Amino acid sequence: SYKYGSARENVLNAEVIVDDGSIVTTGWDSTGSYGASYNLNQFFSGAEGTLGFIATFTMRIYPTGQIRCLAYEFDNLKDIDGPLQALVANASVRPLHIAWSDYLHFQNQHRAGVHAPDVKNLWLVTLQGDEKHNDLEEAAVTAMAEAVGGRKVANEIAEHEWDERCYEFRARKVGVGEIPAEVIVPTINWGEFTDRCYQGFEEMKMEAGGVIGVMADRQTALFMPYYFKDDELLTGMLAFGFNFYLGDVAAEYGGRSTGFGVFFAWAMDVIHNHETAGMTRELKTVLDPRDIVNPGHVTCGMTRFGIDMNKTLMGMGSMLMQVMKKLLPGDKTFEKNLKRFRYDDQEHLKVLDRVHTLGDGTQ
Numbered sequence: 094s095y096k097y098g099s100a101r102e103n104v105l106n107a108e109v110i111v112d113d114g115s116i117v118t119t120g121w122d123s124t125g126s127y128g129a130s131y132n133l134n135q136f137f138s139g140a141e142g143t144l145g146f147i148a149t150f151t152m153r154i155y156p157t158g159q160i161r162c163l164a165y166e167f168d169n170l171k172d173i174d175g176p177l178q179a180l181v182a183n184a185s186v187r188p189l190h191i192a193w194s195d196y197l198h199f200q201n202q203h204r205a206g207v208h209a210p211d212v213k214n215l216w217l218v219t220l221q222g223d224e225k226h227n228d229l230e231e232a233a234v235t236a237m238a239e240a241v242g243g244r245k246v247a248n249e250i251a252e253h254e255w256d257e258r259c260y261e262f263r264a265r266k267v268g269v270g271e272i273p274a275e276v277i278v279p280t281i282n283w284g285e286f287t288d289r290c291y292q293g294f295e296e297m298k299m300e301a302g303g304v305i306g307v308m309a310d311r312q313t314a315l316f317m318p319y320y321f322k323d324d325e326l327l328t329g330m331l332a333f334g335f336n337f338y339l340g341d342v343a344a345e346y347g348g349r350s351t352g353f354g355v356f357f358a359w360a361m362d363v364i365h366n367h368e369t370a371g372m373t374r375e376l377k378t379v380l381d382p383r384d385i386v387n388p389g390h391v392t393c394g395m396t397r398f399g400i401d402m403n404k405t406l407m408g409m410g411s412m413l414m415q416v417m418k419k420l421l422p423g424d425k426t427f428e429k430n431l432k433r434f435r436y437d438d439q440e441h442l443k444v445l446d447r448v449h450t451l452g453d454g455t456q
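Quick note: the sequence shown, position 241, residue 334 per my numbering, numbers continuous.
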């Protein structure tokens, strides 16, 4: 969360099974790992599953206080930039969560027949703390939003978006593939980067799902612009070219793609210098010499067939996918699937199907 950091930063202790089957304890259940030689909590939690299997873990706990959800509507997504920059520069206001969703995100939910608020572009700010403290923060955030024409929406809308924050891709109900291109960029470039997302949708002929994202911390914005793709055709794979495209755009601002797996392992050589990437691979080799733990997906791109998806090969593949995607007609998968599937007409059957009377012979 914006307030407490990533999960990695909140691990007190973990039991990790390493390559030879032994169990490593990374910290202590009751105290932080301060002045205790190597910080193994950070080491294993930040290794993206390449150095061991995390079997158990102990997390920090915090007083809950009052959770207060605020949401503000803006005519344009880029209008959020002003209050967002003011908020991260404020020394006292520290929300639990900050997120944004654009007009396409809500339009497509309506098209799919999914319950969604009737708003344009939404800025969600969730506070946590004592009620009086929340009052002060709410007044400050509201002033920031209203200074550039933001309009506070009903609490029910804010709470709905907070409750649905982990289920961003609701529009795929119509049976389409829905893929995010996750990238992180410096907060200072937030406003300009929103334009680049829309430009990318147009340039790559994407069927845009929406531009959504969250603030990882004061310095880091996580963008998740997503698109619809055809999962039934082989050419649907070309849509992944947008992920490579946006990763390149993020790099222009000092950011990077957050994708990982066999198709993204080569990015290690792009986002790090030669020495850093080399040391990372040496650590993996020394600590897991037989490639037992998640091999070939983060530190290198080796397939089960022995094909090395290295920087040169994947760089060429990335460019080829982008070129081919630009040459093909624009995607219209969402529109086609709306005609093919009749989920809205059958919604009541899904509800009835969840209720069974055992023993009446209807099972």
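Note that the Cβ used here is the ideal one computed from N, Cα and C, for glycine as well. All figures in this text were calculated on a predicted structure; none of them were measured in a lab.
Review point. How should PHE398 be labelled, buried or exposed, when 16 other C-beta atoms within 10 angstroms of its C-beta is the threshold for buried?
Key: Label assigned to PHE398: exposed.
Point to revise | According to DSSP, residues forming a beta bridge with PRO279 | key: THR313.
Point to revise | Residue nearest to ILE173 in terms of C-alpha spacing, selected from ALA360, TYR319, LYS425, ILE305 | key: Ranking ALA360, TYR319, LYS425, ILE305 by Cα distance to ILE173 puts ILE305 first.
Review point. Got a sec, what are the start and stop residues for the beta strand (DSSP E) GLU166 sits in?
Key: Element bounds for GLU166: 159-167.
Check your understanding: By DSSP, does SER350 sit in helix, in strand, or in coil?
Key -> Here SER350 sits in strand by DSSP.
Practice item. Check whether the Cβ of HIS365 lies closer than 8 Å to any Cβ atom in chain B. Key: Checking the listed chains, one finds no chain B in this structure; it contains a single protein chain.
Review point. Taking Cβ positions, are SER94 and HIS226 nearer each other than 8 Å?
Key: For the pair SER94 and HIS226, the CB atoms are not nearer than the 8 Å cut-off.
Review point. What are the start and end residues of each continuous alpha helix (DSSP H) run of 4 or more residues lying completely inside the stretch 401-429, in chain order?
Key: With a minimum length of 4 residues, the continuous alpha helix (DSSP H) runs that stay inside the stretch 401-429 are 404-420.
Check your understanding: The alpha helix (DSSP H) with VAL342 in it runs from where to where?
Key -> It spans 334-345 - the alpha helix (DSSP H) in which VAL342 sits, taken as one unbroken run.
**Study point:** Continuous alpha helix (DSSP H) stretch holding HIS203: start and end
**Key:** Note, HIS203: alpha helix (DSSP H), 196-204.
Check your understanding: CA-CA distance, ALA358 and ASP112?
Key -> Cα-Cα distance, rounded: 21 Å.
Point to revise | Assigned exposure category for GLN292 - 16 Cβ within 10 Å defines buried | key: Residue environment analysis places GLN292 among the exposed positions, since fewer than 16 neighbouring C-beta atoms fall within 10 angstroms of its C-beta.
Exercise for review: Using a threshold of 8 Å, state whether the C-beta atoms of LEU180 and VAL234 are closer than that.
Suggested key: Between LEU180 and VAL234, the C-beta spacing is below 8 Å.
Check your understanding: Do you know offhand how far TRP193's Cα is from GLY348's?
Key -> Whole-angstrom Cα-Cα distance: 19 Å.
Review point. With C-beta atoms as the reference, is VAL104 less than 8 Å away from SER130?
Key: No, the pair does not count as a contact, with Cβ atoms beyond the cut-off.
Check your understanding: Do the CB positions of GLY394 and ASN403 come within less than 8 Å of each other?
Key -> Yes, the pair counts as a contact, with Cβ atoms nearer than the cut-off.
Check your understanding: Hey, ALA205 and LYS266 are a contact pair by Cβ (cut 8 Å); roughly how many whole angstroms apart?
Key -> Contact flag correct, Cβ pair sits at about 5 Å.
Check your understanding: Where does ARG383 fall in DSSP's three states?
Key -> Coil at ARG383, not helix or strand.
**Study point:** Endpoints, the beta strand (DSSP E) within which GLU300 is located
**Key:** For GLU300, the enclosing beta strand (DSSP E) covers residues 300-303.
**Study point:** Range of the contiguous alpha helix (DSSP H) that encloses LYS225
**Key:** Its alpha helix (DSSP H) spans residues 224-239.
Exercise for review: Under 6 Å Cβ to Cβ from GLY222, same chain only, skipping five residues before and after it: list those, please.
Suggested key: So the list reads GLY158, once near-sequence residues are dropped.
**Study point:** CA-to-CA distance, THR219 to VAL391, given in whole angstroms
**Key:** Approximately 33 Å, taken between the alpha carbons.
Review point. So the alpha helix (DSSP H) ASN248 belongs to, where does it begin and stop?
Key: First-last of the alpha helix (DSSP H) with ASN248: 248-256.
Check your understanding: Quick check: the stretch 410-427 against the stretch 380-387, are there 3 or more CB pairs under 8 Å?
Key -> Touching, no, given that fewer than three Cβ pairs across the two stretches are closer than 8 Å.
Exercise for review: Leaving aside the five residues before and after TYR346 along the sequence, list all residues of the same chain whose C-beta is less than 7 Å from its C-beta, in chain order.
Suggested key: Same-chain partners within the cutoff: VAL278, PRO279, ASN282, PHE286.
Check your understanding: Which value, in whole angstroms, describes the spacing of the CA atoms of GLN200 and ALA148?
Key -> Cα-Cα distance, rounded: 42 Å.
Practice item. Give the DSSP-derived three-state secondary structure of ARG374 in the structure shown. Key: The answer is helix: DSSP assigns ARG374 an H, G or I state.
Point to revise | From GLU224, VAL363, SER126, residue whose alpha carbon lies closest to that of CYS162 | key: Nearest option by C-alpha distance: GLU224.
Exercise for review: Run the CB neighbour count on GLY243, radius 10 Å, all protein chains shown included, and call it buried at 16 or more, exposed below.
Suggested key: Classified as buried, GLY243 has 16 or more neighbouring CB atoms from the shown chains inside 10 Å of its CB.
Practice item. Determine the closest residue to ASP323 out of ASP195, THR124, PRO422, with distance taken between C-alpha atoms. Key: Ranking the options by Cα distance to ASP323, first place goes to PRO422.
Check your understanding: If you check the beta carbons only, do ALA238 and PRO176 fall under 8 Å apart?
Key -> Their beta carbons are under 8 Å apart, which means ALA238 touches PRO176 by this criterion.
Review point. Is DSSP giving TRP121 helix, strand or coil here?
Key: In the structure shown, TRP121 sits in coil (DSSP, three-state: anything other than H, G, I, E or B).
Exercise for review: Mark LEU217 as exposed unless 16 or more other C-beta atoms lie within 10 angstroms of its C-beta, in which case mark it buried.
Suggested key: It is buried - the Cβ of LEU217 has at least 16 other Cβ atoms within 10 Å.
Point to revise | Distance CB(THR426)-CB(PHE321) smaller than 8 Å | key: Yes, the Cβ-Cβ distance between THR426 and PHE321 is below 8 Å.
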